[in-house]
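Down below is the structure, laid out as structure tokens.
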Amino acid sequence: MRNLLGGKSHLIVIILVAVGLFFAKLAYDRYGQAKPVIRIGVLHSLSGTMAASESPLVDALRLAVEEANNEGGINGAQIEMIVGDCRSDDAYCAQQAERFIVQDGVQALFGCWTSSCRKAVKAVVEKHHHLLFYPLQYEGMEQSPDIIYTGAAPNQQIIPMVSWAMQQHGKRVYLIGSDYVFPQTANRIIRKLLLAKDGVLLAERYVPLGEQNLDTLVREIKALRPDFVVNTLNGDSNRFFFLALKQAGIRAGDIPVFSTSIAEAELAAIGPELVAGHYAAWNYFMSVDSGENREFIERFRRRFGQQRVLDDPMEASYTGVTLWVNALREAETHELSAVKTALVRQTLAAPEGIVAVDEATHHLWQPVRIGRARADGQFDIVWQSGRSIAPAPFPYFIPHDQRAAITGGEQ
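Numbering-wise (this note's numbering), the sequence shown opens with residue 92 and increments by one.
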């Protein structure tokens, strides 16, 4: 009798466990807790001299991830973001990339701002034949099978900006930048451009990242009176530069500054009144008048606050995730070689306009714009290409045998 009762009790337990598992599965399926997860690694500086520029990009990435997950994720898998603080330190950022790939098993990396950071992470990504989406305009002279460059190549920012500035303001130019890869290489390209267009280089000066004392260089600018200044400073040095210009009495109407790394987020951090009247070149401005952009702004502000601003690196970050999601959905696999093959077929109606991944270079076809900063923190678009421009990471006017000199030996 005890054996019979014991057998029934075991049967009841088994039935209860099975019923519990069934309802648990229903709950998991309903709330998404049991769905498979695909991880991405985010590499941006949340502290240090680059934090003000980089930290907003994390929110743009988060918006793209949340929207993809709300649409069902990627082939049934939810996307999980792992965020690492690069601490404005290139070597540390490369260490985080290694950890994300080897330990956390991420399927793609999104991040970096400075070119020195990108190059440090590039070595890790290429060692593992992995995948990095880089959202910044940069100096070019590079392409990689393992990187998708969603920011501007030189012919999509630096070259049209300087060419337009020479047409509008004159040919006497002063160059100021932070002392690292992007400004140095960008200015070598600008020197070649000035030579081709009969421009005059008055001076070329560099300061360390994070430099605050720019009074001496501003006094030199005031004495030389260039037709315009090309500014490749990065990070919080920009605030001190424009503050020094104001204190020296240099107005935008007298000596305009054309910046490569000041967008709406930097205007908000610097104080837009300091930069009003000066210029910047990007592929995207928040003031782009299109339905896609208005909807993008509305969705972002609904999620992160009505006072928040968007800028080009944020839009490029959002676009990078969207391209990656579309490629995985098309490939129907997480296998990296298949994803990379699908990526070079991607075209997107992005907030900036039509973009497409260039198969040969892994850069984007995208529009080009020049904007004049306003006191309210936005830009008036004063020139735009009107169509998407093919990327040329290696400018046509620099012969192949001279590229090693431009890049300091790297190609």
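Backbone N, C-alpha and C define an ideal beta-carbon position, used for all residues, glycine too.
Separation of residue j from residue i, as counted between CA atoms
i	j	result
Leu414	Ile353	25 Å
Val309	Phe332	8 Å
Gly326	Asp403	15 Å
Glu171	Leu305	42 Å
Ala433	Gly444	21 Å
Ser206	Glu230	8 Å
Gly396	Glu389	10 Å
Tyr122	Arg282	Since pLDDT at Tyr122 reaches only 43, below the 50 mark, its modelled position is unreliable, and no value is offered.
Phe391	Leu154	7 Å
Gly268	Gln259	22 Å
Leu401	His369	19 Å
Gln234	Glu450	11 Å
Gly163	Arg330	42 Å
Gly196	His220	13 Å
Ala277	Asn417	32 Å
Leu152	Arg394	12 Å
Thr307	Met405	33 Å
Gly462	Ala243	15 Å
Gly139	Ala360	14 Å
Gln194	Val156	21 Å
Gly261	Met141	32 Å
Leu292	Ile480	28 Å
Pro363	Glu189	38 Å
Met435	Ile341	For the sequence presented, residue 435 should be read as Val rather than Met. Roughly 46 Å between the two C-alpha positions.
Gly382	Arg478	17 Å
Residue burial classification, residue i (beta-carbon count within 10 angstroms, cutoff 16)
i	result
Tyr375	buried
Pro482	buried
Tyr119	In this prediction, Tyr119 has a pLDDT of 46, which is less than 50 and means its spatial position is unreliable; nothing more can be read from the coordinates.
Asp345	exposed
Ala440	exposed
Asp270	exposed
Leu286	exposed
Pro484	buried
Arg209	buried
Leu336	buried
Phe114	Confidence at Phe114 is low in this model, with a pLDDT of 41, below 50, so the placement of that residue is unreliable and no value is reported for it.
Ser136	buried
Gln198	buried
Glu145	buried
Selection from the options that minimises the alpha carbon distance to residue i
i	options	result
Arg316	Ala287, Arg263, Val446	Arg263
Val379	Cys184, Gly290, Ser476	Ser476
Glu158	Val212, Val216, Phe387, His221	Phe387
Ala214	Gln338, Ala243, Ala182	Ala182
Gln398	Ala447, Ser254, Asp467	Asp467
Pro236	Phe391, Glu217, Val400	Glu217
Asn160	Gly139, Glu421, Val128	Val128
Ile131	Thr452, Leu419, Gly462	Leu419
Asp150	His454, Gln248, Ser179, Tyr409	Tyr409
Trp204	Arg463, Ser179, His219	Ser179
Leu284	Gly268, Glu302, Tyr297, Ser254	Ser254
Phe319	Pro347, Val298, Leu334, Glu302	Pro347
Ile280	Pro245, Lys288, Val298, Thr307	Pro245
Residue i and residue j closer than 7 Å at C-beta
i	j	result
Gly411	Phe273	no
Pro147	Ala407	no
Ala290	Met252	Strictly speaking, residue 290 in this sequence is Gly, with Ala absent from that position. Not in contact: Gly290 and Met252 (Cβ atoms no closer than 7 Å).
Gly175	Leu222	no
Gln437	Val448	yes
Ala185	Ala211	yes
Ile473	Gln457	According to the sequence displayed, residue 473 carries Val and not Ile. Taking 7 Å as the Cβ cut-off, Val473 and Gln457 do not qualify as a contacting pair.
Gln248	Gln228	yes
Asn322	Ser350	yes
Trp373	Arg460	yes
Leu455	Thr241	yes
Asn166	Glu421	no
Contact belief for residue i with residue j at Cβ below 8 Å, rounded distance in angstroms
i	j	result
Pro486	Ile250	6 Å
Gln187	Cys177	6 Å
Leu266	Glu295	4 Å
Phe470	Ala371	7 Å
Ala367	Ala339	Contact flag wrong, Cβ pair sits at about 16 Å.
Tyr239	His425	At residue 239 the sequence reads Ile, which differs from the Tyr that was named. That pair is no contact at about 16 Å.
Phe191	Ile173	6 Å
Leu300	Leu334	In fact, because the Cβ distance is near 17 Å, the residues do not count as touching under 8 Å.
Ile302	Ser328	It should be pointed out that residue 302 corresponds to Glu in this sequence rather than to Ile. With a Cβ gap of about 5 Å, Glu302 and Ser328 count as contacting.
Glu357	Met377	Going by Cβ atoms, the distance from Glu357 to Met377 rounds to 12 Å, so no, they are not a contact pair.
Below-7 Å beta-carbon distance, residue i vs any chain B residue
i	result
Ala335	Here there is only one protein chain, and chain B is not present.
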